[in-house]
Amino acid sequence: MPSKIKHSESSSVLDNKLRPHQDELLHLAELAGVYIDPKVFRILVELLNMGVDPTTITKLLTTIQKNSDKHKQHSAQRRSEK
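In structure tokens, the structure reads:
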């Protein structure tokens, strides 16, 4: 199945350097108490630039968080059983 992302777009997703205005936005988020890995921030910005609905991104992040919590609980339970 061919990708809908053009080569120039896909290479920008792989480029983890933030543009100056994005770096300022990341700094503003940190001042507001929101700490995020710059690489993750860059991916989120690229998703928004590609037209992904912010609600969809929020649902994705919520799902990732829930799965991470389940994994941590499962790992802790397995360790306590040893």
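FYI, in the UniProt record's numbering the residues of the sequence shown are 1 to 82. The beta-carbon is built from N, C-alpha and C at its ideal position, and this holds for glycine as well. Because the structure is a prediction, the values reported are computed rather than measured.
Contact between Leu18 and Pro38 is confirmed by a C-beta separation of about 6 Å, below the 8 Å threshold. Cα atoms of Lys70 and His21: separation of roughly 36 Å, rounded to the nearest angstrom. Taking C-beta atoms as the reference points, Val52 and Leu25 fail to come closer than 9 Å.
Going by DSSP, Leu48 is part of the alpha helix (DSSP H) stretching over Pro38 to Asn49.
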